[in-house]
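K.L.:
All you need for our numbering is the position in the sequence shown, starting with 1, plus 67.
Take a look at the following structure, please.
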Amino acid sequence: MFESAHIDEAIAWRRDLHRHPELGFQEERTSKLIAGLLEGWGWQVQTGLAKTGVVARLGDGGASIGLRADIDALPIEETTGLEYASSHPGKMHACGHDGHTAMLLLAARQMAAEGVTGGNVTLIFQPAEENDGGARVMIEEGLFRQYPCDRVFGIHNWPGLAPGRLVARDGEMMAAFAIFEITIEGRGGHGAMPEQSDGVVAAAARVATALQELPARRLSPLVPGVVSVTQIHTGSAFNVCPDRAVVCGTTRWFQSDAGDEIETRLAEVVHGIAAAHGCRANIDYQRRYPATVNSAAEAGLARRVGEAMGLDAGEAGPSMASEDFAFMLNEKPGAYIWLGAARQGENPGLHSPRFDFNDEVLPTGAEFWVRLVRRALSV
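Structure representation (structure tokens):
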């Protein structure tokens, strides 16, 4: 489908993006590169939505399909040793958004060359997928009012699946998530006289243990739920009992009742343990993303397109990871798709400091986009 020179150029874009990662709402260079390429191919381009988002449209009116790629990087120090490794210390494309962007750009080039008939295509290059909810911000700033879409699709590379695999489930794909920051406070004192201080460290340790057991004790084994404590900050010296500890982490769920139960019981556990140690607790609990739930018709369309390409579009279970494409699926019918991208040999997972997008699947993802548009607009 694609000229080999165009594939090579797309890989070069991807590696250039990898070398110059930018965090959420800071993707200035990335957006400029995207907009410049699209304008050169004849797309109608708008920049500035959600600060650094890029939206482009092409077509002859009528039915409309939206295709989304996320463009932000993560605050991770890269350790791949690649010749195109991050040139920005502490920032890295560790989730493959550089690949998602290049796939959609390669598809956009082909669609511009072929022309789009039977409707419109809207390309959505979205900032700040990682934690900051760039999809929500784009919607709030008028994405679907300015660019109406009948349906919307997103792709994520999936190193847990072999190349040639594609997953688009009917219904649940990715979990909802929240973050929490628990501050435990009490009297501090001398390490030799712990009886004269409160048990801040002991309370924090017990909170960390109890919270990670919470889903097993409060949710049915048939209802998914996860609580992960990921940070504990306290203390400053060997011989000082601190007066403050901070415990942070994340919760995940699919069913709204499970999310409510986790939040309620988390508060009960934290306050109970803190009180038992003579301490007090404050909880900052923030729900970030809803669950990512595909509509069956659009998931089925994605599977049929994949199968027509010779991909294995078999079933797989959902993931407890989260994705802010969920906000778009709350607004429009659509599907979130995993594209198999495992590497031979060492295959670091998403968010690893050793992760690198598998360029071998870049043309596969781009071809999927082109074929999906053809099929969706021919109905």
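Each residue gets a CB set at the ideal place from its N, CA and C atoms; glycine is no exception.
#1: Is it right to say R196 is buried, meaning 16 or more other beta carbons lie within 10 angstroms of its own, or is it exposed?
#2: Thinking C-beta only, is E365 closer than 7 Å to R218?
#3: Straight-line CA distance for G253 to D351?
#4: Are the Cβ atoms of G186 and A271 separated by less than 7 Å?
#5: Between the C-alpha atoms of L228 and V428, what's the straight-line distance to the nearest angstrom?
#6: Taking the alpha helix (DSSP H) that S295 belongs to, which residues open and close that run?
#7: Using beta-carbon positions only, say whether M241 and A388 come within less than 7 Å of one another.
#8: Figure out for me which residue from G163, Y151 and A304 has the closest Cα to the Cα of H418.
#9: In three-state terms, what does DSSP make of T146?
#10: Once the 5 residues before and after Q298 are set aside, which same chain residues still bring their CB inside 8 Å of it?
#11: By alpha-carbon positions, which one of A161, E434, V121 and F244 ends up nearest to I329?
#12: Helix or strand or just coil, what does DSSP make of Q93?
#13: So, with DSSP's three-state summary, where would you put A243?
#14: Just how far apart, CA to CA, sit V460 and A383?
#15: Give every residue of the same chain whose Cβ lies closer than 6 Å to the Cβ of R370, excluding the five residues on either side of it in the sequence, and list them in chain order.
#16: Counting only the same chain and skipping the five closest in sequence on each side, list residues whose C-beta sits under 6 Å from that of A152.
#17: For H73, does the three-state DSSP call read helix, strand or coil?
#18: Identify whether H85 lies in helix, strand or coil by the three-state DSSP scheme.
#19: Is the CB-CB distance between A348 and I249 below 7 Å?
#20: Please list the terminal residues of the continuous beta strand (DSSP E) segment that includes W225.
#21: Relative to the alpha-carbon of I74, which residue among P288, G432 and A102 has its alpha-carbon at the smallest distance?
#22: In angstroms, rounded to a whole number, what distance separates the CA positions of M170 and T276?
#23: With DSSP as the reference, identify every bridge partner of H257, one or two as the case may be.
#24: Taking a contact to mean a Cβ-Cβ separation below 7 Å, would you say G120 touches T189 in this structure?
P.N.:
Taking the geometry as given:
#1: According to the sequence shown, residue 196 is Glu rather than Arg. Flag for E196 reads buried.
#2: yes
#3: 18 Å
#4: no
#5: 12 Å
#6: Here S295 belongs to no alpha helix (DSSP H); instead the beta strand (DSSP E) covers G292 to T301.
#7: yes
#8: G163
#9: coil
#10: V313, V314, C315 and G316
#11: F244
#12: coil
#13: strand
#14: One cannot answer for residue 460 here, as it falls past the ends of the chain, which runs 68 to 446.
#15: A235 and A380
#16: E145
#17: helix
#18: helix
#19: yes
#20: R218 to W225
#21: G432
#22: 42 Å
#23: V307
#24: no
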